[in-house]
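One point on numbering: in full-length UniProt numbering, the residue at position 274 of the sequence shown is 274, and numbering is uninterrupted. Glycine included, each C-beta is placed from N, C-alpha and C at the ideal position. Given the structure is predicted, the values throughout are model-derived calculations rather than measurements. Right, one structure below, let's go through it.
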Amino acid sequence: MGSATVRSPRTPTVAQLRAFVAVAEHRHFREAAAATGTSQPALSGAVAALEESLGAQLVERTTRRVIVTPLGERVHEHARRVLASLQALTEEVEAARRPFTGPLHLGVIPTVAPYLLPTVLRLVRDRFPELELHVHEERTPSLLEGLAAGRLDVLLLALPAGGASPTREIPLFDEDFVLVTPPGHPLAGRIDVPRDALLDLDVLLLEEGHCLRDQALDICREVGADPAGSTTRAAGLSTLVQLVAGGLGVTLLPATALDVEAGRTDRLAAVRFAAPAPGRRIGLATRPGSARSAEYERFAAALREVLVELPVRIVES
Numbered sequence: 001m002g003s004a005t006v007r008s009p010r011t012p013t014v015a016q017l018r019a020f021v022a023v024a025e026h027r028h029f030r031e032a033a034a035a036t037g038t039s040q041p042a043l044s045g046a047v048a049a050l051e052e053s054l055g056a057q058l059v060e061r062t063t064r065r066v067i068v069t070p071l072g073e074r075v076h077e078h079a080r081r082v083l084a085s086l087q088a089l090t091e092e093v094e095a096a097r098r099p100f101t102g103p104l105h106l107g108v109i110p111t112v113a114p115y116l117l118p119t120v121l122r123l124v125r126d127r128f129p130e131l132e133l134h135v136h137e138e139r140t141p142s143l144l145e146g147l148a149a150g151r152l153d154v155l156l157l158a159l160p161a162g163g164a165s166p167t168r169e170i171p172l173f174d175e176d177f178v179l180v181t182p183p184g185h186p187l188a189g190r191i192d193v194p195r196d197a198l199l200d201l202d203v204l205l206l207e208e209g210h211c212l213r214d215q216a217l218d219i220c221r222e223v224g225a226d227p228a229g230s231t232t233r234a235a236g237l238s239t240l241v242q243l244v245a246g247g248l249g250v251t252l253l254p255a256t257a258l259d260v261e262a263g264r265t266d267r268l269a270a271v272r273f274a275a276p277a278p279g280r281r282i283g284l285a286t287r288p289g290s291a292r293s294a295e296y297e298r299f300a301a302a303l304r305e306v307l308v309e310l311p312v313r314i315v316e317s
């Protein structure tokens, strides 16, 4: 009896890879179908076709969720890189053809988005009207993953960005942190407070996952304070300042957020640190070697021109 013929794997299609990546990321066929704008049967069929092409099981289908097999996890990483390379190819062609046209997916951290986006959107509308801007507000780890995978094109966030994948960073500005207290606090209204005053204060923080939380912790720990054990924390800056207004403690705000957040209530007072005040640097992050690198540099230069309206110190490239 002759030996059985072993069929070689066939090359997957782009549609099959996109369907599988969506399923692997959402772990749910219905949610993956909604995210990709396809029907659930079509998505399921594409994943099944990929498994048949490769001759391997990539997912285990249960009644409630999808389990990605160990081999499926490896295929997922390869598929993400392939799709990112295809995205880079189309970006390179489009960028060479006409800069500042077509889609641009901008990721922004939550502690920047409400305060800078009005300026950014006005700039895009006035200077780059053919640019199709898509804004994604996410925390830093999610933004960096999206950038590495090709889901996002450029990020607006605190620098250095960190993350496992390399990024190219373009600084925009530095801004001070301001201490926010209830109006009757002994420090309320002062403009020369040393950093070590934080030792005697109940500093409220954002919940884990926000880079601003990590920055605030670093500032506190520099002077020997450690507010990380506090059980009171907030998902966003608006909630954080309401906690301060309610007398639960004090907090650190970026200068760009002060007018917006403190303007919501008359139960807050701003306290300025003595120089040099603690602060953060905000800038853009892109993929190294992106075909649109020159375009992003021009975008950063245009941003610096309009951001001078804000309480920041512009950082030239």
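Rounded to whole angstroms, what's the CA-CA distance from residue i to residue j? Just pull it up for me.
i	j	result
Asp192	Ala277	9 angstroms
Arg122	Val241	27 angstroms
Gly279	Asp214	12 angstroms
Leu156	Leu50	36 angstroms
Ser165	Leu204	31 angstroms
Val271	Asp174	18 angstroms
Leu133	Val154	11 angstroms
His28	Pro103	27 angstroms
Glu130	Val178	38 angstroms
Ser238	Leu253	10 angstroms
His105	Glu137	11 angstroms
Gln40	Thr62	15 angstroms
Would you mind sorting residue i into buried or exposed? The rule is 16 or more other CB atoms within 10 Å of its CB.
i	result
Ala216	buried
Thr140	buried
Arg18	buried
Glu77	exposed
Pro227	buried
Met1	Model confidence at Met1 stands at a pLDDT of 45, short of 50, so the residue's coordinates are unreliable; what they give is reported in the following sentence. Burial call: exposed.
Arg287	buried
Leu307	buried
Gln16	buried
Ala245	buried
Thr167	buried
Val93	exposed
Ser44	buried
Leu143	buried
Ile67	exposed
Since residue i contacts residue j with CB under 8 angstroms, what's their CB separation in whole angstroms?
i	j	result
Ile170	Leu86	Ile170 to Leu86, Cβ: 25 angstroms. No contact.
Thr265	Val180	About 11 angstroms separates the two Cβ atoms, so there is no contact after all.
Thr119	Glu316	At roughly 18 angstroms, the Cβ-Cβ gap does not stay under 8 angstroms, so Thr119 and Glu316 are not in contact.
Ala161	Leu199	About 30 angstroms separates the two Cβ atoms, so there is no contact after all.
By DSSP's criteria, residue i is part of a beta bridge. Which residues make up the other side?
i	result
Gly279	Asp176
Ala234	Leu206
Pro9	Pro9 is not bridged to any residue.
Arg184	The sequence shown places Gly at residue 184, rather than the Arg named in the question. Note: Gly184 sits in no beta bridge, so no partner.
Gly102	Leu131
Leu155	Gly107, Ala285
Arg168	Thr286
His136	Gly107
If we define contact as Cβ-Cβ less than 7 angstroms, is residue i a contact residue for chain B?
i	result
Ala225	The structure shown has no chain B; it contains just one protein chain.
- Unbroken alpha helix (DSSP H) runs of length 4 or more, entirely within the stretch 21–72: which are they? 29–36, 40–54
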